[in-house]
Amino acid sequence: MKVFMLGWEFPPFISGGLGTACYGLTKAMDQLGIEVTFVLPKMVAGGYATHVNLLTPQSQGFTTAFETTQLRNVKFRAIDSPLQAYSSPDLYQRQIEETLRQKRKMHAGAAAADESFSPADYAGDMYEEVHRYAAVAAELAANEQFDIVHAHDWMTYPAGIAVAKMSAKPLIVHVHSTEFDRSGEHVNQTIYDIEREGMHAADKVIAVSNFTRNIVVSRYGVSAEKVEVVHNGVEDNGRDDWNLSQAGIEKDEKIVLFLGRITMQKGPEYFLYAAKKVLEVMDNVKFVMAGAGDLMHSTIEIAASLGIGHKVLFTGFLRGEDVQKIYRMADLYVMPSVSEPWYCPAGGLAERRACHNKQPKRCFRGFAACAES
Amino acid sequence: MASVCFYFQVHQPTRLRRYTVFDKSDRYFDDHKNSFVCRKVANKCYLPANRLILDLIRRFEGRFKVAYSITGILLEQLQQYSPEVMSTFDALAETGCVEFLAETYYHSLSFLYSPDEFIEQVDKHTETIQALFGQKPKVFRNTELIYNNELAALVESMGGFDAILSEGADHILGYRSPNFVYKPQGCEKLRLLLKNYQLSDDIAFRFSNRTWTEWPLTAEKFSQWINNVNGNGNVVNLFMDYETFGEHQWEDTGIFDFMKHLPGRILNHPDNDFKTPSEVIGSYQPVGTVDVPHVISWADTERDLSAWLGNAMQSNAIHELYRIENKVKKAGDEKLIADWRKLQTSDHFYYMCTKYFADGDVHKYFNPYKSPYDSYINFMNVLDHLDSRCSVDAMGENFFDLSQNKNPPCAQVVG
Chain P
62 MKVFMLGWEF PPFISGGLGT ACYGLTKAMD QLGIEVTFVL PKMVAGGYAT
112 HVNLLTPQSQ GFTTAFETTQ LRNVKFRAID SPLQAYSSPD LYQRQIEETL
162 RQKRKMHAGA AAADESFSPA DYAGDMYEEV HRYAAVAAEL AANEQFDIVH
212 AHDWMTYPAG IAVAKMSAKP LIVHVHSTEF DRSGEHVNQT IYDIEREGMH
262 AADKVIAVSN FTRNIVVSRY GVSAEKVEVV HNGVEDNGRD DWNLSQAGIE
312 KDEKIVLFLG RITMQKGPEY FLYAAKKVLE VMDNVKFVMA GAGDLMHSTI
362 EIAASLGIGH KVLFTGFLRG EDVQKIYRMA DLYVMPSVSE PWYCPAGGLA
412 ERRACHNKQP KRCFRGFAAC AES
Chain E
6 MASVCFYFQV HQPTRLRRYT VFDKSDRYFD DHKNSFVCRK VANKCYLPAN
56 RLILDLIRRF EGRFKVAYSI TGILLEQLQQ YSPEVMSTFD ALAETGCVEF
106 LAETYYHSLS FLYSPDEFIE QVDKHTETIQ ALFGQKPKVF RNTELIYNNE
156 LAALVESMGG FDAILSEGAD HILGYRSPNF VYKPQGCEKL RLLLKNYQLS
206 DDIAFRFSNR TWTEWPLTAE KFSQWINNVN GNGNVVNLFM DYETFGEHQW
256 EDTGIFDFMK HLPGRILNHP DNDFKTPSEV IGSYQPVGTV DVPHVISWAD
306 TERDLSAWLG NAMQSNAIHE LYRIENKVKK AGDEKLIADW RKLQTSDHFY
356 YMCTKYFADG DVHKYFNPYK SPYDSYINFM NVLDHLDSRC SVDAMGENFF
406 DLSQNKNPPC AQVVG
C-alpha cells in the first residue's frame with residue numbers, strides 16, 4: 062500500500078499539534094510497512110527555511126526532498142510555499158509582505174535580480190495560494206506511484222481533490238479541527254466552503270473524535286456512514302529523568318500550566334480570569350502560559366491590565382525538552398478550550414501529553430469534548 | 006545678550022539578557038551585549054565627541070562651555086568596558102568649563118513611585134560625581150526631563166540644588182519663551198531652565214533629514230538663529246542626548262564638523278557667549294513663575310509619560326517593581342538591591358511601548374527586543390526571580406516573627 066499524504070507541518074518545524082499528529086501517524090504507518098510520500102509546504106522565508114535549497118537546480122524549481130533516518134518507508138517532498146499551519150488570511154498577508162521584503166533586502170545590490178524571487182512565486186492571498194499549492198502538488202503527484210490520497214485539514218483539501226482526480230485514486234480527508242472549532246460561530250465562509258468541498262469530494266472522512274464527527278455530519282452535511290472516528294494516540298518517549306530542582310521555580314509555590322496555541326479555540330482569556338480569582342484568595346501560586354499564537358499579544362495585555370502580570374509568566378513557543386520540563390514543573394494543567402475536537406481523557410494533544418508525563422498531578426479542561434470523557 | 010547653554014545627556018542602560026521561566030540564575034544582565042554597545046558608542050560618539058569638546062574649550066580659551074549629565078549606570082559600564090572614555094571626561098572636568106549635573110543614579114522613574122528611593126538615588130549620583138570629577142552638582146535634571154511642581158518642591162526641599170531643568174513644552178509656556186530663566190511654582194530659591202526644543206531638535210533630530218527645508222544645516226545658519234534671539238531672550242538652552250554626535254547622527258552626516266565650527270560662529274557676534282546652567286542662573290534673574298501641575302517630559306510629540314507608562318504592560322511592570330521595594334530593602338542584600346535598582350532604568354519600560362509599534366520608528370531603533378511584548382515577558386520573568394530572592398532572604402526573619410507570636414494565624418486552606 063502506498064499513500065500520498067498532504068500535510069501542513071512536520072516535526073521539528075511545528076506550531077501546534079497537527080505536525081505531531083502527522084508524525085505519530087506516519088511513524089505508525091511506517092512500522093506497518095505502508096509507504097508514505099509526505100508532501101508539505103516549506104516556508105521560504107523565516108527561521109527554518111534555507112534559500113540554498115530553493116536555488117539548487119536539483120530542487121527542480123519547486124520541490125526538495127527531506128532527509129530522515131527514522132522513517133524508512135516515508136518519503137518527504139516539500140513544496141515551496143508560505144502556507145503555514147494555523148494561519149489566517151491576515152497573517153498570511155503579513156508574512157508574504159515580510160518574505161518579499163527580506164528577499165529584496167537580500168538581493169539588493171546583486172546586479173541581476175533572480176527571477177525566481179518575483180512576487181509571482183506566491184499568490185497574493187491565502188486562498189489563491191491554497192489553489193496554487195494544489196496545482197503544484199498535482200504536478201508533483203504525476204511522478205509518484207500511490208494507491209490512496211490522504212489530506213490533513215482544509216489547506217490541503219484542494220490539493221487532495223486535484224491529486225485524487227488526476228490519479229483517479231480514492232481520497233481521504235482527515236479532520237483534526239473544523240472552522241467551528243477554530244472560530245466559534247464566526248466562521249470564515251471561504252474556509253468553510255473549502256472544508257465542505259473537501260469532505261464531500263472525499264471517499265472517506267476521518268474525524269479525530271465523535272465530537273468532530275458530529276460537526277462534520279451536522280454542520281457540513283456529510284453522510285454519516287462516510288465518516289470514521291480515529292482517535293489520536295499517545296506516544297511514550299521513555300524520558301523520566303528530569304527533576305524539578307532544575308527549574309528556577311521554588312517548590313513552596315504551586316504552578317498552574319496552560320500549554321497550547323494562544324488562540325480563541327483554546328480560551329486563553331478564561332485561564333487569566335480564573336487566575337485572577339485564584340490570586341484573590343491565595344498568593345503562592347503562579348500561572349505559566351506556554352505557547353504562541355494569534356492572541357498572544359492581547360493575552361499579555363489582558364494579564365497586565367488585570368494586574369496579575371507578575372503571577373502570569375509567558376514562555377513563548379516551546380519545543381522538545383522544554384515541553385517536558387514545563388509539564389514536570391506544573392502542579393495542575395488547565396486547558397480552558399472553548400472547543401477541543403480531540404478525544405478525552407484529556408482533550409487536545411497537549412493535554413494527552415500532559416497526563417502522560419505523570420506530572421502535573423491534575424488536568425482540567427474545557428467543556429466541549431467532555432461528551433467523550 | 007544671548008547665552009548658549011549646552012547640556013548633553015549621557016546614558017546607556019544595562020540591558021537584560023533573555024531570561025525564561027526555566028532560568029534560576031541571578032545573572033540578569035547581558036554583559037556581552039552591554040560591553041559591546043558601550044564600546045561601540047564609545048568609539049562612535051563618546052571618544053570623538055569628548056576630544057572635540059576638549060579641543061574647542063582649549064581653542065576658545067575658556068569661552069566655550071558645556072554641561073553633562075552622565076548616569077551612574079553608564080559610569081559603571083564605562084569604568085568596566087571603556088576606561089579611556091573616563092579619562093577624557095576627567096580631562097574635561099579639569100578644564101573648569103564643564104559642569105556636571107545631578108540626576109537619579111539609575112536613570113529611573115522613581116520620582117513618580119517612591120520619593121524615598123528617588124532621594125537615595127539622587128544622593129548616590131551626587132556622591133559619585135563628586136568622587137569622580139571633584140565637583141558637587143548644583144543643578145538637577147530628572148530622567149527624560151520628567152517634571153512637575155511637586156518635583157521642583159521636592160528637589161528644593163532636598164537642599165543643595167540651585168536649579169532644575171525641564172522641557173520648554175508649548176502647553177506649559179503658552180505665549181512665553183523658553184529663552185529666559187523662570188521660577189518653579191511654589192519654590193523660593195530654585196530656578197527653572199527650559200529646553201528650547203525647536204533649536205535643540207534642529208540639531209538632535211533634524212540635522213540629517215534631507216526632507217527638512219533647512220537641510221543642510223550649517224554652523225553659520227544655526228548661529229544666525231541664535232543671533233535672532235538677541236533682544237528677546239537671555240539664554241538658548243540646547244539640551245540633547247550626547248549620542249546625537251556620531252550615534253543618532255552618524256559621522257558622515259557632518260555632525261562633528263558642524264559642532265567644530267559652531268562655537269566660532271556663535272562667538273563671532275559680540276553679544277553672544279556660552280554659559281553652564283549654574284552660570285546662567287547666576288547671570289539672569291527669573292522673569293516669571295511657571296506652573297506645571299501635570300507631569301511633562303521631553304519625549305515624543307506628546308511630551309508626556311506615555312512612552313514609559315502608556316500601556317497596561319508598562320504600568321503593571323513598574324507597579325510590581327516598586328511594590329516590592331520594602332521587601333527588597335529589608336532583605337539587606339546589596340547585590341539584590343543593586344539588581345532591583347537596575348531594573349528601574351526607564352529604558353526597560355520604553356522597550357514595552359506599543360506607541361508607533363506598527364510603524365517602526367525611533368522607538369524601534371533603540372529596542373533590543375523584537376517586540377514590546379517580548380520585552381515585557383522578559384522583564385517579568387526577571388522580576389519574578391528577583392522577587393523569589395527576597396522571600397528566601399527574608400525567611401529567617403519571618404520565622405522569628407512567627408515564633409514570637411503566641412497566637413499564630415491559621416494558614417488559609419484553599420480548595
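Top line first, the protein sequences correspond to chains P and E.
Reminder that position 275 of the first sequence reads as 336 in our numbering, one-by-one numbering, no gaps.
Reminder that position 78 of the second sequence reads as 83 in our numbering, one-by-one numbering, no gaps.
The C-beta atom is built at its ideal place from N, Cα and C for all residues, glycine as well.
(request) Would you please state the rounded distance, in angstroms, between the beta carbons of V292 of chain E and S8 of chain E? I believe it to be under 8 Å. (result) The pair is not a contact, with the Cβ atoms about 14 Å apart (cut-off 8 Å).
(request) Determine whether the Cβ of T324 of chain P lies closer than 8 Å to any Cβ atom of chain E. (result) no
(request) Indicate the three-state DSSP secondary structure (helix, strand or coil) for M187 of chain P in the structure shown. (result) helix
(request) Would you decide whether L80 of chain E is buried or exposed? Buried here means 16 or more other CB atoms lie within 10 Å of its CB. (result) buried
(request) Could you tell me the distance, in whole angstroms, from the CA atom of V285 of chain E to the CA atom of A317 of chain E? (result) 41 Å
(request) Note down, in chain order, every chain P residue with its Cβ under 8 Å from the Cβ of L388 of chain E. (result) H371
(message) With three or more C-beta pairs closer than 8 Å as the rule, is the segment 252 to 264 of chain P touching the segment 203 to 219 of chain P?
(response) Three or more beta-carbon pairs separated by less than 8 Å link the segment 203 to 219 of chain P to the segment 252 to 264 of chain P, which places the two stretches in contact.
(request) Tell me whether K347 of chain P is buried or exposed, calling it buried when 16 or more other Cβ atoms sit within 10 Å of its Cβ. (result) buried
(request) State whether the segment 362 to 374 of chain P contacts the segment 370 to 390 of chain E, with contact taken as three or more CB pairs (one from each stretch) at a distance under 8 Å. (result) The answer is yes - the segment 370 to 390 of chain E touches the segment 362 to 374 of chain P, with three or more Cβ pairs under 8 Å.
(request) Using a Cβ-Cβ cut-off of 8 Å, state whether N372 of chain E counts as contacting chain P. (result) no
(message) Distance cutoff 8 Å, beta carbons only. Does V26 of chain E sit that close to anything in chain P?
(response) yes
(message) What does the alpha-carbon distance come out to for the pair A203 of chain P and S228 of chain P?
(response) C-alpha separation (whole angstroms): 8 Å.
(message) Assuming the contact rule is C-beta atoms closer than 8 Å, G251 of chain E and K45 of chain E should be a hit. Round their C-beta distance to whole Å, please.
(response) Contact doesn't hold; Cβ gap of about 10 Å is too wide.
(request) Taking only the alpha-carbon atoms, compute the straight-line gap between I209 of chain P and K226 of chain P and give it to the nearest angstrom. (result) Rounded to whole angstroms, I209 of chain P to K226 of chain P spans 11 Å at the Cα level.
(request) Give a yes or no on whether the minimum CB-CB distance between Y73 of chain E and chain P is below 8 Å. (result) Chain P has no Cβ within less than 8 Å of the Cβ of Y73 of chain E.
(message) I need the boundaries of the beta strand (DSSP E) containing Y12 of chain E, first residue and last residue.
(response) Bounds of the beta strand (DSSP E) holding Y12 of chain E are 7 to 15.
(request) Whole angstroms is fine: what's the gap from L314 of chain E's alpha carbon to S320 of chain E's? (result) 5 Å
(request) Pick out whichever of E:L272, E:C192, E:T258 has its Cα sitting closest to the Cα of E225 of chain E. (result) If we check each option's Cα against that of E225 of chain E, E:L272 comes out closest.
(message) Quick check on the DSSP output: the alpha helix (DSSP H) that includes Q174 of chain E runs from which residue to which?
(response) Residue identity differs from the one stated: residue 174 of chain E is Ala in this sequence, not Gln. No alpha helix (DSSP H) holds A174 of chain E; DSSP gives it neither H nor E.
(request) Consider the Cβ of N331 of chain E: report whether some Cβ of chain P lies at a distance smaller than 8 Å. (result) no
(request) Find out if the Cβ-Cβ distance for the pair P298 of chain E, N153 of chain E is shorter than 8 Å. (result) yes
(message) For a quick check, are the C-beta atoms of F375 of chain P and M350 of chain P less than 8 Å apart?
(response) The answer is yes: Cβ separation under 8 Å.
(message) Counting C-beta neighbours from all protein chains within 10 Å, is the total for S30 of chain E 16 or more, i.e. buried, or is it exposed?
(response) exposed
(request) Report the residue ranges of all alpha helix (DSSP H) runs contained in full by the segment 199 to 230 of chain P; include only those spanning at least 4 residues, in chain order. (result) 218 to 228
(request) Report the rounded CA-to-CA distance for I323 of chain E versus Y118 of chain E, giving the unit in angstroms. (result) 9 Å
(request) Output yes if chain P places a C-beta closer than 8 Å to the C-beta of Y187 of chain E; else output no. (result) Contacts with chain P at 8 Å (Cβ-Cβ) do not include Y187 of chain E.
(message) Please classify T218 of chain E as buried or exposed, where buried requires at least 16 other C-beta atoms within 10 Å of its C-beta.
(response) exposed
(message) Less than 8 Å between the C-beta atoms of K143 of chain E and F116 of chain E, yes or no?
(response) no
(message) Which residue marks the beginning of the beta strand (DSSP E) containing Y187 of chain E, and which one marks its end?
(response) Y187 of chain E -> no beta strand (DSSP E), and no H or E assigned at all.
(message) Are the CB atoms of P282 of chain E and E125 of chain E within a distance shorter than 8 Å?
(response) no
(request) Check the Cβ of G368 of chain P against every Cβ in chain E and list those closer than 8 Å, keeping chain order. (result) N321, H324
(request) Just the C-alpha distance for A285 of chain P and V278 of chain P, rounded to the nearest angstrom, thanks. (result) If you take the alpha carbons of A285 of chain P and V278 of chain P, they lie about 6 Å apart.
(request) Rounded to whole angstroms, what's the CA-CA distance from K265 of chain E to L326 of chain E? Just pull it up for me. (result) 44 Å
(request) Taking 8 Å as the cut-off, decide whether the C-beta atoms of L204 of chain E and W230 of chain E are in contact. (result) yes
(message) Can you look up L159 of chain E in the DSSP assignment and give me helix, strand or coil?
(response) helix
(request) Would you kindly work out how many angstroms separate the C-alpha atoms of H353 of chain E and D296 of chain E, rounded to a whole number? (result) 30 Å
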